[in-house]
Amino acid sequence: MTRISLKVNGKNEVIDSEPDMPLLYALRNDLRLNGPKFGCGLAQCGACTVLMEGNAIRSCVTPMSAAQNKAVTTLEGLGSTKKMHRVQQAFVDEQAVQCGYCINGMIMTTKALLDKNPKPTDRQIKEALAGNLCRCGTHVRILRAVKRASGQKV
Amino acid sequence: MKTSSITRRQFLKSTGALVVSFNLFPPAGKVFAQVATLPSGDIDPTSLDSWLAITPDGLVTFYTSKVEIGTGTITALAQIVAEELDVPVARIKMDSGDTSRTIEQGSTVGSRSIERAGPQVRQAAAAARQELLKLAAAQLGVAESRLTVVDGVVSVMGDAGKKITYGQLIGGKRFNTKIAATGTGWDMKVAPEVKAKDPKAYKIVGQPVKRFEIPAKVTGEHTYIHDVRVPGMLHGRVVRPPVINTEPVSIERDSIRGIPGVVMIMRQGSFVSVIAKTEWAAIKASRALKVTWSKPTSKVPETPDALFAYLKNTKPARTLKPVGKGNVAAALTQGKKTYQATYRWPFQMHGMIGPSCSIADVRGDKATIWSGPQGPFRTRGTVARLLGLKEQNVRIIYHEASGSYGRMSTDDGAEDAALMSRAAGAPVRVQWSRQDEHGWEPKGPAQLDEVKAAIDGGGKIIAWDFTDYGQPWTASGSTPLLASLQVGLKPTNPGGPNGTQSGGEIYAIANQTILCHHINWHFPEPIPLRTSNLRAPGDVARCFASECFIDEIAADMKVDPVLFRMQHLTANKRGAECLKAAADKARWQIRPSPAPASSGNIARGRGVAMTQRANTYVAIVAEVEVDKTTGQVAVKKLVCSHDCGLIINPDGVMNQVEGNVVQGLSRAMYEEVTFDTNGAVTSLDWATYPILKFPDLPDLEVVLINRPEMNPLGAGEGATIPAAAAIANAIYDAVGVRLREGPFTPKRVLAELKKA
Chain A
767 MTRISLKVNG KNEVIDSEPD MPLLYALRND LRLNGPKFGC GLAQCGACTV LMEGNAIRSC
827 VTPMSAAQNK AVTTLEGLGS TKKMHRVQQA FVDEQAVQCG YCINGMIMTT KALLDKNPKP
887 TDRQIKEALA GNLCRCGTHV RILRAVKRAS GQKV
Chain B
-2 MKTSSITRRQ FLKSTGALVV SFNLFPPAGK VFAQVATLPS GDIDPTSLDS WLAITPDGLV
58 TFYTSKVEIG TGTITALAQI VAEELDVPVA RIKMDSGDTS RTIEQGSTVG SRSIERAGPQ
118 VRQAAAAARQ ELLKLAAAQL GVAESRLTVV DGVVSVMGDA GKKITYGQLI GGKRFNTKIA
178 ATGTGWDMKV APEVKAKDPK AYKIVGQPVK RFEIPAKVTG EHTYIHDVRV PGMLHGRVVR
238 PPVINTEPVS IERDSIRGIP GVVMIMRQGS FVSVIAKTEW AAIKASRALK VTWSKPTSKV
298 PETPDALFAY LKNTKPARTL KPVGKGNVAA ALTQGKKTYQ ATYRWPFQMH GMIGPSCSIA
358 DVRGDKATIW SGPQGPFRTR GTVARLLGLK EQNVRIIYHE ASGSYGRMST DDGAEDAALM
418 SRAAGAPVRV QWSRQDEHGW EPKGPAQLDE VKAAIDGGGK IIAWDFTDYG QPWTASGSTP
478 LLASLQVGLK PTNPGGPNGT QSGGEIYAIA NQTILCHHIN WHFPEPIPLR TSNLRAPGDV
538 ARCFASECFI DEIAADMKVD PVLFRMQHLT ANKRGAECLK AAADKARWQI RPSPAPASSG
598 NIARGRGVAM TQRANTYVAI VAEVEVDKTT GQVAVKKLVC SHDCGLIINP DGVMNQVEGN
658 VVQGLSRAMY EEVTFDTNGA VTSLDWATYP ILKFPDLPDL EVVLINRPEM NPLGAGEGAT
718 IPAAAAIANA IYDAVGVRLR EGPFTPKRVL AELKKA
């Protein structure tokens, strides 16, 4: 066991963890943050995406040892149903959800994209989300939600 | 009517909390003593109180065994309830999928939930409204005919001051009213004698109501099954064998000795699992545990050629004949010209993004299961059989799983958790790895489809002989699931049929036979390549065959493919209108296929295909670009028209249709399950079983056809079906090459181009 200190959604947290345990399990089981989801454990689907130091990363393959002293933002850190982040609100406005299991990854990846590129083109959005799988086929609406969140014409 | 106060309200609140109260179980009849139950202990559908309850503040709770699986069904059902009661939809709370407090209305499958459960909830709500008006008439001292309802407030027409709310009338009290309810499951007829609203007066049905659960889904507040935690819960992981009937020869306990938190290794038959205090310990232990398995002896046809030869040459276990009219054999000999072609479709998977996950708490002769099945009552049955318990002693509490497209008809995770919980004497949560989900989820069966046809001198098809060869569902309601097989339960039948539609039945052909052969997939030993209902079961392959074949005939006759279909849809008004809607939207240019040859490396083409599923009509026009040097196909645009009768929620239907089309596109272009000679799946992740990614997303246009004069039909599957056929027809249009096997990978397209 190692004592890992990190900042999650602006709050300092200390977690006793095995250093090889993926960050995802600390977020979900120790901190009860259910936004990030287990999808593959292989960094192939994007359901577990969180922001670390502002970058979208795959928490299912990021060991706790790599999270030491890092700032992590999860879906919950963006907003809540009472006060949504504009990206979350855009997904509601466009009804860009079916089962929603992938949506955490879509929103977190969009957040990272818009932070770097506030007005992305359709092609740039598609490339940014290329590593995020959606099985329900909500792609068209997700694309519209990202455009809406970026303040561009949908 | 008698009323009596009740105290069950607290129990009826949602279990949506993050931490679920510990073992709510006690037998249903005791907890809900005031709810009418049948002798079995199940909720009595002939009691109006079994369907809905109204609180003093006018909140309506409606109980249904139908579940939200990401398709919007629950919001649509709430719209129907709100409409009949004249209550704002926001005042309807759907309490869904708990076997101890809902009536079995059948699984949420087969595009039938709106079609079948829709009328059930409509009639129950209409019966409640009727009772409320009776109560109001008595309280207000006027005839019922003088009453009107707005937003749950009953008032006297012409005397607006005289009014009373639903909450005041019945809040916190029971109706104590009997209604008629005959039949079971989705065939149940509820209160047919009650007159429901005239559809012309609909104000809520037909509106694009926003889905209830979406805000919580975008903020992490929605409690998926993966997010449920039960106090005292342990974590389990199953160590799966290479094939089902393989036995563990040895289990080396020392191999996981160093992992802190492991509680036990549990084995029953070939079911081996590890149970630990933390999830990470369970994962590490399941990976580290050294199990030596006996040598697999199961054999399956390994290559595609061997597989399709097996399907073709094996005596069917069962044959269904959805269409048999005229004399096909005679007509085939009398035609001016005959045609024949064979099409092949591979095993494909549901591919839930989140793998199976369940929690079980088994105590003595009772079990509580938290899971995300499409059929909670079906899970109740399979778990009860596995554990040897009375069905009513098993309670299923539903929480949404990942979108499942048929996969959660077979709730394997619930069985895993139940076995482990019984062994551990504590609640156990199990979650599958990606490799286990890809490897062990039951697959959509492979299919071989042979079609023969003859045309007369006028170019009309006079004979149609369609034969579908495929496996039935080895994992279904009537056959043991994975853990059950591992502990020794034996299948007693070949499994459920893989559908019978999309074989060309929409066309008016005087002599037509459609046969569906089920080739036994239960070898002497069960194999891991399990089969089950994959969205629009069997229809994608059958439509691929029938709609490409129609195109082949049209091309041979040099007739435009839309016109050729229209000539055979003369007796099918909805089919013809649906096809026209897609063609119009796509600005279809009348000409035969293939398109005039292009000079460059990129050839462009367009194709069309259509079908019906559960009486919902769909047509798709595809536009593609084919790189003649690489065989790479880029789907540029898909246009889909969709007629599912009366539309309850147009935005919900639109969302479903878009999703279906995209999933159909993915299945057409990328998806094929691979397996070895023992029947062990070898495409075990998203790299080896790719699905559509964002950069390959085409433009998508959808036309919804609303038919207010009709009953509502389902939108959960239909638009998946014709995408593959439309794309294959577009590829032919572009390069003059016929693909008779999917998926349409560059390798396969290039091979056909080289043959041409």
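Protein sequence lines, in the order shown, are assigned to chains A and B.
Take 767 as the starting number for the first sequence in the working numbering and just add one per residue.
Take -2 as the starting number for the second sequence in the working numbering and just add one per residue.
Note that the Cβ used here is the ideal one computed from N, Cα and C, for glycine as well.
Source: prediction; values computed, not measured.
| said: Are the CB atoms of A720 of chain B and V658 of chain B within a distance shorter than 8 Å? | reply: With contacts defined by Cβ atoms closer than 8 Å, V658 of chain B and A720 of chain B form a contacting pair.
| message | With a threshold of 6 Å on Cβ separation, who are the neighbours of M349 of chain B within its own chain once the five nearest residues in sequence on each side are excluded? | response | Excluding sequence neighbours, M349 of chain B sits near S399, S401 and R404.
| Distance between beta carbons of A619 of chain B and G635 of chain B, contact taken as under 8 Å | Before going on, a small fix: residue 635 of chain B reads as Leu here, not Gly. 6 Å between Cβ atoms; contact.
| How many angstroms separate the CA atom of N517 of chain B from the CA atom of A79 of chain B? | Within the model, the alpha-carbon separation for N517 of chain B versus A79 of chain B is close to 47 Å.
| Straight-line gap, N20 of chain B to A542 of chain B (C-alpha atoms, nearest Å) | A caution first: N20 of chain B carries a pLDDT of 38, below 50, which makes its placement in the model too unreliable to give a value.
| query | To which residues of the same chain is G496 of chain B closer than 6 Å at the C-beta, ignoring the five residues directly before and after it? | reply | Hits under 6 Å: P534, G535 and D536.
| Listed in chain order, which residues of the segment 325 to 343 of chain B have Cβ atoms closer than 8 Å to some Cβ of chain A? | For the segment 325 to 343 of chain B, no residue has a beta-carbon sitting nearer than 8 Å to a beta-carbon of chain A.
| request: May I have a chain-ordered list of the beta strand (DSSP E) segments no shorter than 3 residues that lie completely inside the segment 675 to 703 of chain B? | output: List check, beta strand (DSSP E) in window: 696 to 702.
| message | At 3 residues or longer, what runs of the beta strand (DSSP E) sit wholly inside the segment 117 to 188 of chain B? | response | Fully enclosed beta strand (DSSP E) runs of 3 or longer: 144 to 147, 150 to 153 and 156 to 162.
| task | Answer yes or no: does any C-beta atom of chain A fall closer than 8 Å to that of M666 of chain B? | result | Under the 8 Å criterion on CB atoms, M666 of chain B is classed as non-interfacial with respect to chain A.
| message | Quick test of your reading: Q653 of chain B and G713 of chain B, contact by CB under 8 Å. State the CB separation rounded to the nearest angstrom. | response | Cβ-Cβ separation between Q653 of chain B and G713 of chain B: approximately 6 Å, consistent with a contact (criterion under 8 Å).
| query | Hey, out of B:Q629, B:K440 and B:R88, whose CA is closest to L747 of chain B's CA? | reply | It is B:Q629 whose Cα lies nearest to the Cα of L747 of chain B.
| Measuring CA to CA, which of B:T289, B:Q389 and B:V259 is closest to W277 of chain B? | Ranking the options by Cα distance to W277 of chain B, first place goes to B:V259.
| So, is the C-beta of R910 of chain A closer than 8 Å to a C-beta in chain B? | R910 of chain A does not count as touching chain B.
| task | Would you mind telling me which residues of chain A sit closer than 8 Å to F672 of chain B, beta carbon to beta carbon, in chain order? | result | Listed along chain A, no residue sits closer than 8 Å to F672 of chain B by beta-carbon distance, the nearest being about 20 Å off.
| query | From the beta carbon of N835 of chain A, is the nearest beta carbon of chain B less than 8 Å away? | reply | Output row for N835 of chain A: interface = no.
| Every unbroken beta strand (DSSP E) within the segment 466 to 551 of chain B, with a cutoff of 3 residues, ordered by chain | Taking 3 residues as the minimum length, the beta strand (DSSP E) runs contained wholly in the segment 466 to 551 of chain B are 508 to 515, in order along the chain.
| field | V858 of chain A, enclosing alpha helix (DSSP H) - first and last residue | value | Per DSSP, V858 of chain A belongs to the alpha helix (DSSP H) from R852 to D859.
| field | Any 3 or more C-beta pairs closer than 8 Å across the segment 211 to 228 of chain B and the segment 859 to 866 of chain A | value | Taking 8 Å as the limit for Cβ pairs, the verdict is that the segment 859 to 866 of chain A does touch the segment 211 to 228 of chain B.
| request: Just tell me which of B:V235, B:K333, B:I167 and B:Q102 has its CA closest to the CA of I550 of chain B. | output: Looking at the Cα atoms, B:K333 is the closest of the given residues.
| request: Could you work out which residue in B:K751, B:K487, B:A357 and B:P245 is closest to P228 of chain B when comparing CA atoms only? | output: Ranking the options by Cα distance to P228 of chain B, first place goes to B:A357.
| said: In whole angstroms, give me the CA-to-CA distance for A731 of chain B and S590 of chain B. | reply: The alpha-carbon atoms of A731 of chain B and S590 of chain B are separated by roughly 8 Å.
| Backbone CA spacing between I248 of chain B and A279 of chain B [nearest angstrom] | I248 of chain B and A279 of chain B have their alpha carbons spaced roughly 16 Å apart.
| request: Could you give the DSSP three-state label for W437 of chain B: helix, strand or coil? | output: Of the three classes helix, strand and coil, the one that applies to W437 of chain B here is helix, per DSSP.
| message | Classify I394 of chain B: buried if its beta carbon has 16 or more other beta carbons within 10 angstroms, exposed otherwise. | response | That one is buried.
| query | For Q117 of chain B, is the classification buried or exposed, using 16 other Cβ atoms within 10 angstroms of its Cβ as the cut-off for buried? | reply | Q117 of chain B is buried by the Cβ-count criterion.
| query | Near N703 of chain B, what residues of its chain come up, given a Cβ to Cβ distance below 6 Å and the 5 sequence neighbours on each side ignored? | reply | The residues are I644.
| task | Kindly say whether N795 of chain A, judged by its beta-carbon, lies nearer than 8 Å to any beta-carbon of chain B. | result | Proximity of N795 of chain A to chain B, defined by a Cβ-Cβ separation below 8 Å, is satisfied.
| query | What is the DSSP secondary structure of L766 of chain B, reduced to helix, strand or coil? | reply | Past the edges of chain B, shown from -2 to 753, lies residue 766 of chain B, and the structure says nothing about it.
| Nearest-angstrom Cα separation, counted from F374 of chain B out to P42 of chain B | Distance between the alpha carbons of P42 of chain B and F374 of chain B is about 15 Å.
| query | Is F374 of chain B helix, strand or coil by DSSP? | reply | DSSP, reduced to helix, strand and coil, places F374 of chain B within a helical segment of the structure shown.
| task | Starting from V654 of chain B, follow the alpha helix (DSSP H) in both directions and report where the run begins and ends. | result | P647 to M666 is the span of the alpha helix (DSSP H), which, as asked, contains V654 of chain B.
| How big is the Cα-Cα spacing for V57 of chain B and M91 of chain B? | Between V57 of chain B and M91 of chain B, the C-alpha separation is close to 8 Å.
| Taking 8 Å as the CB-CB cut-off, is G26 of chain B touching chain A? | Per-residue confidence for G26 of chain B stands at a pLDDT of 36, beneath the threshold of 50, marking its modelled position as unreliable; no derived number is given.
| task | Classify V920 of chain A as helix, strand or coil using the three-state DSSP reduction. | result | DSSP places V920 of chain A outside both helix and strand once states are collapsed to three, so it counts as coil.
| message | For chain B, check one thing: does any of its Cβ atoms lie closer than 8 Å to the Cβ of G801 of chain A? | response | At least one beta carbon of chain B lies nearer than 8 Å to the beta carbon of G801 of chain A.
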